[in-house]
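Read through the structure below, which is laid out as C-alpha cells, and then see the notes.
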Amino acid sequence: MTADKSSGPVPERELRLALVCYGGVSLAVYMHGITREILKLVRASRAYHGVAREVADTASYADTVDHRGELDTEAVYFRLLQQIGGQLRLRVLVDVIAGASAGGINGIMLARALAFDLSLDSHRKLWLELADVDQLLDPEARATRLSKVYMRPLFWMAGLQQRRRARRLGNTVQDSTVLDNLSLFMRSRWFEPPFSGPRMSEMMLDALESMGTESAGEQRSLLPQGQPLDLFVTTTDFWGYPQTIPLHDPPTVQEREHRHIFHFHHQPTRNGEQASMLGRDQLPSLAFAARATSSFPGAFPPARLAEIDDLLRQRECPWEGRDSFITTQFKSSRRHGEDAEDAAFIDGSVLMNKPVSVALNAVQRHAAHRQTDRRLVYLEPNPEVAREIDHEIPGFFKTIAGALSNIPRQQPIRDDLEWIAQFNEQVHLHREVADGVRSQVLATMGSILDAGLSAPPNARAIARWRRTANTRAAVDAGYAYEGYARLKVLGLLEELAEQFQHSGRAPGPAEAVQCMQAWARRERIRPIGQAATSARHQEVAPWVRFLRNYDIRYRLRRVLLLIRRSNELYTDPLASGVCELHVHLDRLKSRLYDHAEQLRGQLNGSSPEVAAEELPAQDDPVDAFLVQLRERLDLVAFDKALDEEMAQWCGEVADIALIREILTTYFGFAYYDVLTFPMTSSRGVDALEEIKVDRIAVDDANTLREGGARDILKGVQFSNFGAFFSRRFRENDYLWGRLTAAERLVDIVGSAAPEAVAAGLDLTETKKQLFLAILRAEAPHLQETSELIAELETRARAL
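Our numbering puts the first residue of the sequence shown at 1, with every later residue one more than the last.
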C-alpha cells in the first residue's frame, strides 16, 4: 500500500504506550529482547516525525536520522509508518514504564535509552555472557570439586534421563552446560544467598555505563518536547516504616508499610532543556534500583546503599546524585524516622510483581497533545493461566512455596483490568454528556459572539467574553453548580494540604488537612453559600478568588479541550473550506502546548516546592505558605497571557468561521466543566482518554511457531531460573523476545490505524520483513542457536 495525499490534510494520532514489565527471574533475557524491539519502534517513529511532511513518505530511514547503534528493524518500522501516512500520521511513544524484578531491570535500561536516545546493543553481551550461574555466584559460596560429592550421582542420573528424553523427542542438540551449572549451583553454599550482591550491583552499573551518555551540548531524546517520561520500579522494604491509619475506636492504629516504589521522572522542555532523574549523575541511583528490585529472596542478599558506596569507592567514582536520590526516593520512610542507610530491600515481585495500578496512576496524569490512542501494554514472560492442575491435596513444602512465593507472584490483574473497564465507561459517559450539551453551548456562545465577532477580537474583548461565559454557565447550571463549586473547592484544599505537609510545616496528612480547613474558614472560603448567586459577583466571593489563584487543573483542562477541538478541526467538515487550515491549527496548538507544559510543570513538580525554611516568619504558617505559592503560580497572569495568545492567533487568521469555532470551545469550556468535572472520580484526572489493554507474550505471537511459553522459552525451566544455566537457553529466549515483540507491536500499530488497514495495509508482509531483519542481524551473535535461526528463516520466507 502506498501513501495517498490526494484526500487533503492528514490527521495526527499518538499511540501512547504505558509499559508494565512483570518479574520473571531468568526470563529477564527474554524481556530484554522485547524492550529492545520497543526501543527500535519508538526510534523509527521519532525519525519519521522528524522529517518534513512533504518528504516524509518518500524518505529512507537511513537518510533521516543520525542513528545510534545497530540498524535492522528500525527501517522496517519506518516503512510501516510511511504506509500508514496516507491515512494518518501516527506517532508511537512510551511515556510510562512500571517494572518489577526482571521487568524492573529492563524497564530502567529502556527508560534511560528513551530519555537520551541511547543504545541497548551492548546489553546483548550482558544477558548472554554474564547472566550465568558461573558469573553470578559469590566467590565465597562457590562449590569446589569436593563440595557435596554425595550429590554427584544424582546429577549423573539426571543427565542420563535428559539424554533419553531428548532422543525420544528427536532433539539432537545436547546441552551439557545445564547439568554442569546446576551441579555447581546446588553444591554451592546453602542457607546463605549463593549469588553475589556486589557482583550484581557491578553488572547493573556497567550495563548503564555501556549505553553511552548524554552530551551536554546535544539534547537528544526519543520523547517529544514537553512530554514527560515516568519510570516506576517496585521493591520490598524488608524492615518497612510505620504508618498511622485513622479508625473510629481506637482513633488510630500503626502498621508497617513494606511496599516501596522508586520513581524517576524525565521531561524534555520545549526550550531544549531537560529536567531529568535519569541523567548521568543518577547512574548509581538507577543501578541501586535495578539491584534492589531484582534481589530474589534466598538467591541474592538484600540490597543496601552501602553496597553501591563500596563499589563506587573501589572505582574512585563519585555518586553525585546520592543526596537527591535519598531525599526524593526515601521521603516517606525518612518522614517517619527511618534512616535510608539502614534500609534493606528484597525483590519487588514479593509484594508487587505486576505493577499495573502504578502505571495507571501515572497514565491519568499524562495529558495528550493530539488525538491519542492510549494503550497499557503488559509484558508477561510466562503466562500461567493454561497450566495443568492435578487438583491433588498439596504437600507440606508445596503449600509453603505456593503461599509464600508462587501464588502472590502469579496473582492475576483482574482488579486492575476491571478498574480500566469502569474508567473507559466513565470516558464514554463524559463524551455523551459533552455531545448532549454541545447545542446549548453553541446557542449560548452564539448570543455572546454574534454581536461582536465581525473582526478578529483583541485580548480585552476575549477576557470580557470569557468572564461573561463563566457567569452565564453558573446561572444556567442552577443547583448543579452548587455541587460543582464545592467539589472544586474541597478538592483543591485537599491538594494544597498535601503540598503544605511536604513543605515540612505539618507533621502528618491529618494535621495538614486540619490546618488548611481552618484557614479556609477564617478566610470565609468555607462555607461557600449560594455558589450560583455569588458567582455573578466574582471579585467579591472569597471562594472564587481562591480558585482563581490556585486552581491549576481547571486551566489545564481548558487548554486540553482546546487542543482536542483543534485536532478534530483538521477533518471537520465545518472547517473544510478554510484556507491554510493546517498551518493555522498547527500554530495554535504549538502555543497551547507551551501553556499546557507550563501548567503540567507546576503539577509534576518540575517547579521547586515551597520549602519551610523559605517561608516568611508570620503568625499563620498556612497563610505564609499560600502567599508564596500564589506568587509563584501567578495564575491570574497566566489567564491574561492565554487571552493575549488567543487574540494574537485570531489576528493571524483571516477566517471568522474558524475563529468562531475555537472561541466557542474556549468560552464554552465553563459549561462542559460544570457537567463533567463532578463525574470524575479522581481529582488527579485532567484528561479523560480511553485506555486499551494489550499483552506481549509468546503465547500471543504464533506466526512463526505455535505454542506458549512452556513450549518455546527455555528460561521457564527450574522455576524460571533455567536461562541462568545455559547460554543456549539465553540465546533462544532473547531471540524469541525480539520476534515476539515485533509481531505484537505490528498488531498494536495496526489496531491503532484501522483506516490504513482498511485501505489495504499488509501487516503480514511487515511481520515477515521484521522477522527476516531480526534473524539476519542476530545470526552472527547467536552461534549456539544457528539451527533454530535457519529453521525460523525458512518459515519466515514462506509467509
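Heads up, the beta-carbon is just placed ideally off N, CA and C, and yes, glycines get one too.
Here the structure is a predicted model, which is why all the values come from computation and not from measurement.
- For Asp-95, the uninterrupted beta strand (DSSP E) run begins and ends at 89-100, by DSSP.
- The beta carbon of Glu-418 lies closer than 6 Å to none in the same chain, with the five residues before and after it left out.
- Here DSSP, grouped into helix, strand and coil, assigns Ser-60 to coil.
- Ranked by how close their Cα comes to the Cα of Leu-130, the residues Asp-206, Ala-575 and Arg-79 have Asp-206 in first place.
- Assignment of Lys-692 by DSSP, reduced to helix, strand and coil, places it in the strand class.
- By the 16-neighbour rule on beta-carbons within 10 angstroms, Arg-466 is buried.
- A Cβ-Cβ separation of about 6 Å places Met-211 in contact with Ser-119 under the 8 Å criterion.
- Just measuring C-alpha positions, the residue of Pro-301, Glu-644 and Lys-354 sitting nearest Phe-232 is Lys-354.
- With respect to the 8 Å criterion, Leu-775 and Ile-789 are classified as neighbours on the basis of their beta carbons.
- In its chain, beyond the 5 residues on either side, Pro-284 and Leu-312 have a beta carbon closer than 6 Å to the beta carbon of Trp-319.
- Around the beta carbon of Trp-239, a 10 Å sphere encloses fewer than 16 other beta carbons of the protein chains shown; the residue is thus reported as exposed.
- Thr-471 is a Cβ neighbour of Ala-535, given a cutoff of 8 Å.
- Taking a C-beta distance under 8 Å as the contact criterion, Leu-305 and Ala-275 do not qualify as a contact pair.
- In the structure shown, Pro-456 falls within a coil segment according to DSSP collapsed to helix, strand and coil.
- Per DSSP, the beta-bridge partners of Gln-254 are Thr-244.
- The alpha-carbon separation between Ile-97 and Ser-295 amounts to approximately 20 Å.
- Inter-segment contact for the stretch 740-760 and the stretch 658-676 is absent: fewer than three beta-carbon pairs are separated by less than 8 Å.
- Residue Ala-434 holds the alpha-carbon nearest to the alpha-carbon of Met-679 among Ala-434, His-263, Thr-58 and Ile-105.
- Annotated as distal: Pro-11 and Tyr-593, with beta-carbon spacing of 8 Å or more.
- Under DSSP, Arg-259 shares a beta bridge with Thr-236.
- One thing to note: Val-29 has its Cβ no nearer than 8 Å to the Cβ of Gly-750.
- For Gln-783, the number of other beta carbons within 10 angstroms of its own is below 16, and it is reported as exposed.
- Residue burial is scored here from C-beta neighbours: Cys-579 has fewer than 16 other C-beta atoms within 10 angstroms and is therefore classed as exposed.
- At a Cβ-Cβ threshold of 8 Å, Ala-752 and Gln-87 do not count as neighbours.
- Among the bridge pairs identified by DSSP, Tyr-378 is matched with Val-20 and Arg-695.
- Taking 8 Å as the cut-off, the beta carbon of Val-489 is found no closer than this to the beta carbon of Leu-562.
- Annotation for Trp-519: the continuous alpha helix (DSSP H) segment containing it runs 509-522.
- For a cut-off of 8 Å, the C-beta gap from Ala-773 to Leu-27 is around 24 Å, too long to register as a contact.
- Taking the Cα of Tyr-550 as reference, the smallest distance to any Cα among His-502, Ala-596 and Leu-492 is reached at Leu-492.
- Per DSSP, reduced to three states, the secondary structure at His-781 is coil, with no helix or strand assignment.
- Take Val-513, set aside five residues on each side of it, and the residues of its chain with a beta-carbon closer than 6 Å to its own are Ala-497, in chain order.
- Minimum Cα-Cα distance from Leu-629 among the listed residues Gly-601, Arg-414 and Phe-500 corresponds to Phe-500.
- For Lys-488, the enclosing alpha helix (DSSP H) has its first and last residue at 480-502.
- In the structure shown, Asp-342 adopts helical secondary structure according to DSSP, grouped into three states.
- Straight-line measurement puts the Cα of Leu-560 at about 46 Å from the Cα of Asn-732.
- In terms of Cβ geometry, Arg-374 and Lys-692 form a close pair [threshold 8 Å].
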